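Asks: Line by line, the protein sequences give chains X and D.
Mapping of the first sequence onto this note's numbering: position 194 corresponds to residue 199, and the numbering continues sequentially without gaps.
Mapping of the second sequence onto this note's numbering: position 295 corresponds to residue 300, and the numbering continues sequentially without gaps.
2 protein chains.
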Amino acid sequence: MNSPQPNILVFNPDSSEAKAYAESVRHYGFTSVKSASTTEEANKLLSETEVILGWKFPLELLIQPVASSVRWFQSTGAGVDDLVADDSIPVDITLTRIIDQFGSSISEYVFMFLLHVAKDGSRMRRAQTEKLWDPFIPASLAGKTIGVAGLGSIGSEIVRKARAFDMSVYGLSYSGKQAALVDRHFTPGQWSEFVGELDYLVLTLPLTEATHHIVSKKVLISMKSTACLVNVGRGALIKEDDLIDVMQSGHLHAAVLDVFENEPIPKNHVFWTMPNVLVTSHLSGPSTVDGVSHFFAENVKRYLAGKALAGVVDKERGY
Amino acid sequence: MNSPQPNILVFNPDSSEAKAYAESVRHYGFTSVKSASTTEEANKLLSETEVILGWKFPLELLIQPVASSVRWFQSTGAGVDDLVADDSIPVDITLTRIIDQFGSSISEYVFMFLLHVAKDGSRMRRAQTEKLWDPFIPASLAGKTIGVAGLGSIGSEIVRKARAFDMSVYGLSYSGKQAALVDRHFTPGQWSEFVGELDYLVLTLPLTEATHHIVSKKVLISMKSTACLVNVGRGALIKEDDLIDVMQSGHLHAAVLDVFENEPIPKNHVFWTMPNVLVTSHLSGPSTVDGVSHFFAENVKRYLAGKALAGVVDKERGY
């Protein structure tokens, strides 16, 4: 039976972040909230912990008998590929991720860059730097075709905004549940057909065994040479070496990359300096203390009421 | 009586542009189309001209007896403040401007810059230049308040896209006809109240006696110091000296200016180098040959059918 006030452990390697999350969760009326930012601190608190709200938690701790009271692990992020891949989490601990929280910010990021690429924002900035009156005719998103791979809460929000920009919208998804959202829907067996007509391909898929390196040379060369690739999902959706090869051969107009196979990318990584590769630092869908705490508080209420939690991870499915 | 094929004169100071417009108009089935790019050329063709499709036309020609066969002047642009101000155009020549043509491109321009300013695109670009992994939390347009001054076809399209970005939308217009589009509507007597709560103020108004220098120091200091001003209307909507003073005193987060009191702005203009002033070269709503020719061809059909033309300019109103 759940206690009316579960013992909550907030973990974040950054101790000020950990404290900020704990403080915010307390504001929702939960009083038994402790925070930890090191393996040692977490280990000491585990025996009395029922719920963990965690980021980069030392998962190996969960396999110990001292963790037997832990019933539920809430990640502060949307992507849980690392948690799914780790066998240390006992099967009787429910794993949840943040959902329905990142669509707004990630779709704003996507359209910021789509507009920048389409309308040649770089040329506009350069003209100002050179004090050059340069009244060229910018291209438009209107009438172009966008393909959204992954039609969960993030992909759906990108589709909604693409409609406001009068784009044709194609989609590829694994479940097919949201197929009616898009003008043409493709299944995972149809990647080459899916990408062939696109002006913009946006990846919002979770990283699973099925999606790992799904955007490899075969898919990339099926894209139009004038197309633009945007990745706001996970770095390893793209086989980065293939992307580098293909772009260095002059294929693709641009790539906008917010996520990478290894983050942070090192100073000597070729992405930093490739023309037409726009790099950002995994910031398109930030987990904010307020947003995560609100989601978590709502989930704790469901937990106490014995209701189904939001964002439960299906380990078989991979997210 | 109108002839079944009116004699059309296409004028543009750029002779290749003039020829491109003429060629495009001929594609719509109009055979009597001539082009000119100098005052002399235009003067020679005037006696046999019934309709002018023109940009920067030497208006002084129209006051001559030789121009007495000219019935209709179609501007290739949306803004006709220069044509309205010029007394050379006889009252019996109908003046039309392009309408319903620029909403798509101008609204894309507006949201490109709103997203750039809101999410600090400059910081993202700087991080890449410095090869710096910099995962800051970008702000959002969602939940912010945008004010659109002018609710014609351009303003309405900005309102529509602002809805897709989940913004609160205020509007100010002179006619009030589109007041229902926005959450709060203001009249021309309410500028200070209108701008007081805005995070973004976008000017799409035509330039008339009533709107000339309407955004002066009084309006600017009524804005929040964190607000952003975007001008895609006409330069002289803003009293530029006041804007410079106010921004140099640290007021306003940013100004995005596509239009200026005098264009092109000279190399030594302070706007080029002011921090937080983003300058572009009157390119947000380009008149394209295809777009203008299509609009004009539809209007010629109305002309031949004796129907009301689209985009008729009311000289009293000023646009």
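Where a beta carbon is used, it is the ideal one built from N, C-alpha and C, also for glycine.
What you are looking at is a predicted structure, and each value in this text was computed from that prediction instead of being measured.
Does the Cβ of V96/D have 16 or more other Cβ atoms within 10 Å, making it buried, or fewer, making it exposed?
Replies: Numbered from its first residue, the second sequence carries residue 96/D at position 91. When all chains shown are included, V96/D counts as exposed.
Asks: Checking contacts by CB at 7 Å: is E266/D closer than that to chain X?
Replies: Position 261 of the second sequence, counted from the first residue, corresponds to residue 266/D. For E266/D, the answer is no, since every Cβ of chain X falls outside 7 Å of its Cβ.
Asks: Over what stretch of residues does the alpha helix (DSSP H) that includes W196/X continue unbroken?
Replies: Looking up residue 196/X in the first sequence gives position 191. Element bounds for W196/X: W196 to G201.
Asks: At a cut of 8 Å, does the stretch 273-286 of chain X reach the stretch 170-179 of chain X through at least three beta carbon pairs?
Replies: no
Asks: Given this structure, state the Cα-to-Cα distance separating T192/X from V164/X, to the nearest angstrom.
Replies: Taking the first residue of the first sequence as 1, we reach residue 192/X at position 187. Taking the first residue of the first sequence as 1, we reach residue 164/X at position 159. For T192/X and V164/X, the distance between alpha carbons rounds to 17 Å.
Asks: Can you tell me whether H32/D is buried or exposed? The criterion is at least 16 other CB atoms within 10 Å of its CB, across all chains shown.
Replies: As a position in the second sequence, residue 32/D is number 27, starting the count at 1. Exposed.
Asks: Does DSSP put W60/X in a helix, a strand or coil?
Replies: Position 55 of the first sequence, counted from the start, is the residue given in the question as residue 60/X. Here W60/X carries a coil assignment [DSSP, helix/strand/coil].
Asks: Under 9 Å Cβ-Cβ, which residues of chain X neighbour V15/D?
Replies: As a first step, residue 15/D is located in the second sequence; it is residue number 10 there, counting from the start. In chain order: nothing, as chain X lies at least about 19 Å away.
Asks: If we define contact as Cβ-Cβ less than 7 Å, is M172/X a contact residue for chain D?
Replies: The residue labelled residue 172/X in the question sits at position 167 within the first sequence. For M172/X, the answer is no, since every Cβ of chain D falls outside 7 Å of its Cβ.
Asks: In this structure, how does DSSP classify Q79/D when only helix, strand and coil are distinguished?
Replies: Residue numbering aside, residue 79/D sits at position 74 when the second sequence is read from its first letter. Strand, per DSSP.
Asks: Any beta carbon of chain D sitting closer than 7 Å to that of Q183/X?
Replies: By one-based count along the first sequence, residue 183/X stands at place 178. Chain D, which has no Cβ nearer than 7 Å to the Cβ of Q183/X, makes this no.
Asks: State the beta-bridge partners of G152/D as determined by DSSP.
Replies: Indexing the second sequence from 1 puts residue 152/D at position 147. BP columns for G152/D point to Y175/D and L206/D.
Asks: For the beta strand (DSSP E) containing K136/X, list its first residue and its last residue.
Replies: Working through the first sequence from its first residue, we reach residue 136/X at position 131. Where K136/X is concerned, there is no enclosing beta strand (DSSP E), given that its DSSP letter is neither H nor E.
Asks: Applying the criterion that 16 or more other CB atoms from any shown protein chain within 10 Å of the CB defines a buried residue, is Q106/X buried or exposed?
Replies: To locate residue 106/X, count along the first sequence from 1; it is residue 101. Under this definition Q106/X is a buried residue.
Asks: At 7 Å on the CB atoms, spell out the chain X contacts of T285/D, in chain order.
Replies: Counting from 1 along the second sequence, the entry for residue 285/D is found at position 280. Per Cβ cutoff of 7 Å: M129.
Asks: Apply the 10 Å Cβ neighbour rule to R322/D and answer buried if 16 or more other Cβ atoms are within range, or exposed otherwise.
Replies: On the second sequence, position 317 is the one that residue 322/D refers to. Exposed, since its Cβ has fewer than 16 Cβ neighbours within 10 Å.
Asks: Give the residues of chain D in contact with P70/X, contact being defined as C-beta atoms less than 8 Å apart.
Replies: Indexing the first sequence from 1 puts residue 70/X at position 65. The premise fails here: P70/X is roughly 37 Å from chain D at the closest Cβ pair, so nothing lies under 8 Å.
Asks: Considering only residues of the stretch 273-320 of chain X, which uninterrupted alpha helix (DSSP H) runs meet the minimum length of 4 residues and lie entirely inside it, listed in chain order?
Replies: 294-309
Asks: So, at 6 Å on beta carbons, what are the nonlocal neighbours of V264/D in its own chain, with the 5 sequence-adjacent residues on each side left out?
Replies: Along the second sequence, one-based indexing puts residue 264/D at 259. So the list reads N236, R239, G240 and H287, once near-sequence residues are dropped.
Asks: Since N236/D sits in a beta bridge, which residues does DSSP pair it with?
Replies: Locating residue 236/D in the second sequence gives position 231, counting from the first residue. According to DSSP, which records beta bridges pairwise, N236/D is partnered with L208/D and L262/D.
Asks: Kindly give me the distance between the Cβ atoms of P11/D and V56/D, rounded to whole angstroms, as I take these residues to be in contact under 8 Å.
Replies: Within the second sequence, residue 11/D is the residue found at index 6, counting from 1. Within the second sequence, residue 56/D is the residue found at index 51, counting from 1. That belief holds up - the Cβ atoms of P11/D and V56/D are roughly 5 Å apart, short of 8 Å.
Asks: Can you list, in chain order, the residues of its chain whose CB lies under 8 Å from that of F141/X, leaving out five sequence neighbours each side?
Replies: Reading the first sequence from its first residue, position 136 is the one you call residue 141/X. Same-chain partners within the cutoff: D125 and R128.
Asks: For L186/D, collect the residues of the same chain with a Cβ closer than 7 Å to its Cβ; drop the 5 residues on either side in sequence, then sort them by chain order.
Replies: Taking the first residue of the second sequence as position 1, residue 186/D is located at position 181. The answer, listed in chain order, is L156, S161, V164 and G176.
Asks: Mind checking who R189/X pairs with in its DSSP beta bridge?
Replies: Position 184 of the first sequence, counting from 1, holds the residue named residue 189/X. DSSP output for R189/X lists Y175/X as bridge partner(s).
Asks: Would G316/D be called buried (16 or more neighbouring beta carbons within 10 Å of its own) or exposed?
Replies: Position 311 of the second sequence, counted from the start, is the residue given in the question as residue 316/D. The residue is buried, with at least 16 neighbouring Cβ atoms inside 10 Å.
Asks: Mind checking if I219/X is an interface residue toward chain D, Cβ cutoff 7 Å exclusive?
Replies: In the first sequence, residue 219/X corresponds to position 214, counting from 1. False, the Cβ-Cβ gap to chain D never drops below 7 Å.
Asks: Relative to chain X, which residues along the stretch 216-244 of chain D have a C-beta separation below 8 Å, given in chain order?
Replies: Taking 8 Å as the Cβ-Cβ cut-off, the stretch 216-244 of chain D has no residue approaching chain X.
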